[in-house]
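Protein chains: 2
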Amino acid sequence: MKWDTLDEEPCSLSRTVAVVGDRWTLLILRECFLRVRRFEAFQSSLQITRHLLSERLKKLVRFGILRRVPYSEAPKRYEYILTQKGLDLYPVIMAMVHWGDTHMGDERGRPLLHEHKSCGKLFDPVMVCSECGDVLHAKQVHVHAGPGRKEAVG
Amino acid sequence: MKWDTLDEEPCSLSRTVAVVGDRWTLLILRECFLRVRRFEAFQSSLQITRHLLSERLKKLVRFGILRRVPYSEAPKRYEYILTQKGLDLYPVIMAMVHWGDTHMGDERGRPLLHEHKSCGKLFDPVMVCSECGDVLHAKQVHVHAGPGRKEAVG
DNA sequence: GGCTATAGTTCTAAAATAGAACTGTCAAAC
DNA sequence: GTTTGACAGTTCTATTTTAGAACTATAGCC
Chain A
1 MKWDTLDEEP CSLSRTVAVV GDRWTLLILR ECFLRVRRFE AFQSSLQITR
51 HLLSERLKKL VRFGILRRVP YSEAPKRYEY ILTQKGLDLY PVIMAMVHWG
101 DTHMGDERGR PLLHEHKSCG KLFDPVMVCS ECGDVLHAKQ VHVHAGPGRK
151 EAVG
Chain B
1 MKWDTLDEEP CSLSRTVAVV GDRWTLLILR ECFLRVRRFE AFQSSLQITR
51 HLLSERLKKL VRFGILRRVP YSEAPKRYEY ILTQKGLDLY PVIMAMVHWG
101 DTHMGDERGR PLLHEHKSCG KLFDPVMVCS ECGDVLHAKQ VHVHAGPGRK
151 EAVG
């Protein structure tokens with residue numbers, strides 16, 4: 001497998017995996033959604049090596065998920081802020097958090113609780129069909145080849 | 001970071017990442033949801049090395065995401081089938097697919113289209129609040145430390 | 001007996017990651 | 001005006017993972 005061209009595969013999962021499909025990237029994104037923005041803050045809360053953190057941040061900026069924004073001119077210092085493309089990864093992160101809550105919990109209870117500001121309640125994220133609003137289950141979904149697949153396969 | 005104890009961290013994302021947080025595992029799960037079940041089938045559709053495929057399948061079985069079920073007695077042959085715990089990863093996979101559709105598309109159009117059998121329409125997955133049913137956005141969510149975090153932190 | 005199918009295991013080379021030390025800029029403290 | 005400390009990285013070597021190919025094992029079929 002050539003990971004360097006994975007983002008061009010005719011498969012949206014492959015393309016997403018090419019960008020966020022490794023441990024550190026997902027953990028960095030968690031921190032982003034927890035409002036962490038600075039190099040030192042990522043490093044100390046994740047205990048990631050500085051080398052890898054630097055690499056991963058560059059990659060996230062390259063793919064347009066984070067923006068590198070100066071917050072100090074002298075010395076030049078930057079922070080990393082989620083773009084809209086990055087914010088749109090929220091369902092991915094929340095789906096993983098919810099699966100962890102459901103299947104990887106221990107006797108201590110949930111690590112984090114999520115409150116929905118607009119309704120004021122603690123909630124779980126639920127994935128529904130955009131058309132009928134029903135909860136989605138794998139067995140109720142039928143997959144068709146779309147135009148992008150047909151063109152690629154021939 | 002000690003990846004071998006990541007599944008015990010007081011963070012549901014870490015725990016999920018410990019299990020499915022690498023490229024190959026996510027791609028293998030995609031195949032599972034496309035009804036692939038056998039070693040050779042995974043290997044030829046993913047072009048993964050046999051060694052890694054073997055490792056990843058063992059790990060997914062160990063974590064209860066796949067079951068190794070015999071389908072032939074002589075010679076002994078097994079296939080790998082999603083458990084309920086595995087099926088529950090559907091929102092994670094679909095969230096990634098949808099993000100890829102939205103942000104990593106090219107001029108060829110979507111690789112795959114999803115049809116919801118119960119309503120008969122082509123759909124996108126949408127993440128909503130379990131309490132009020134509204135679409136979730138990162139900025140409308142407030143995070144609290146839960147019991148599992150408080151106990152771990154002290 | 002030889003060929004094929006399936007599900008692996010074993011081996012070496014290449015790539016990625018860990019861990020620690022080092023660089024450079026500037027502010028504030030002494 | 002020299003030292004200290006904060007911040008955001010880069011560079012280096014050692015270890016771990018992954019890639020790629022070859023090999024093993026069981027059994028059916030010709």
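Quick mapping for you: the protein sequence lines, in order, are chains A and B. 1 is the number of the first residue of the first sequence in the UniProt record's numbering; add one for each residue after it. 1 is the number of the first residue of the second sequence in the UniProt record's numbering; add one for each residue after it. Note that the Cβ used here is the ideal one computed from N, Cα and C, for glycine as well.
For residue i and residue j, which I take to be in contact (beta-carbon distance under 8 Å), what is that distance rounded to the nearest angstrom?
i                     : j                     : result
residue 80 (chain B)  : residue 71 (chain B)  : Rounded, the Cβ-Cβ distance is 10 Å, inconsistent with contact.
residue 15 (chain A)  : residue 104 (chain B) : 4 Å
residue 22 (chain B)  : residue 23 (chain A)  : 7 Å
residue 128 (chain B) : residue 143 (chain A) : With a Cβ gap of about 22 Å, residue 128 (chain B) and residue 143 (chain A) do not count as contacting.
residue 17 (chain A)  : residue 113 (chain B) : Contact flag wrong, Cβ pair sits at about 20 Å.
residue 131 (chain B) : residue 121 (chain A) : 4 Å
Measure from the alpha carbon of residue i to the alpha carbon of each residue in the options, then state which is nearest.
i                     : options                       : result
residue 85 (chain B)  : B:63, B:74 and B:101          : B:63
residue 60 (chain B)  : B:140, B:20, B:102 and B:4    : B:20
residue 82 (chain A)  : A:37, A:24 and A:27           : A:37
residue 111 (chain A) : A:3, A:118, A:120 and A:99    : A:99
residue 124 (chain A) : B:7, B:2 and B:12             : B:12
residue 40 (chain B)  : B:33, B:53 and B:34           : B:53
residue 115 (chain B) : A:117, A:145, A:116 and A:115 : A:145
residue 68 (chain B)  : B:51, B:32 and B:50           : B:32
residue 164 (chain A) : A:126, A:149, A:117 and A:87  : Residue 164 (chain A) is absent from the structure shown; chain A starts at 1 and stops at 154.
residue 118 (chain B) : A:118, A:113 and A:133        : A:133
residue 109 (chain B) : A:142, A:76 and A:150         : A:150
residue 106 (chain A) : B:50, B:8, B:120 and B:49     : B:8
residue 87 (chain B)  : B:74, B:34 and B:50           : B:34
residue 25 (chain A)  : A:65, A:75, A:76 and A:152    : A:65
residue 152 (chain A) : A:50, A:4, A:6 and A:10       : A:10
Looking only at DSSP bridge pairs, what is residue i linked to?
i                     : result
residue 4 (chain A)   : Answer is none; residue 4 (chain A) lacks a bridge partner.
residue 143 (chain A) : B:114
Checklist line | Segment contact, 8 Å Cβ cut-off, at least three pairs: the stretch 92 to 102 of chain B with the stretch 90 to 106 of chain A | finding: In short, these stretches touch, since the Cβ pair count reaches three.
Item checked: Residue ranges of each alpha helix (DSSP H) within the stretch 72 to 141 of chain B, 4 or longer -> Taking 4 residues as the minimum length, the alpha helix (DSSP H) runs contained wholly in the stretch 72 to 141 of chain B are 84 to 87 and 90 to 103, in order along the chain.
Checklist line | Runs of beta strand (DSSP E) wholly within the stretch 29 to 78 of chain B (minimum 3 residues, chain order) | finding: Runs of the beta strand (DSSP E) inside the stretch 29 to 78 of chain B: 66 to 72.
Check: Is it true that the stretch 131 to 143 of chain A meets the stretch 39 to 58 of chain B, where meeting means three or more beta-carbon pairs spaced less than 8 Å apart?
Finding: Under the Cβ criterion (8 Å, minimum of three pairs), the stretch 131 to 143 of chain A does not count as touching the stretch 39 to 58 of chain B.
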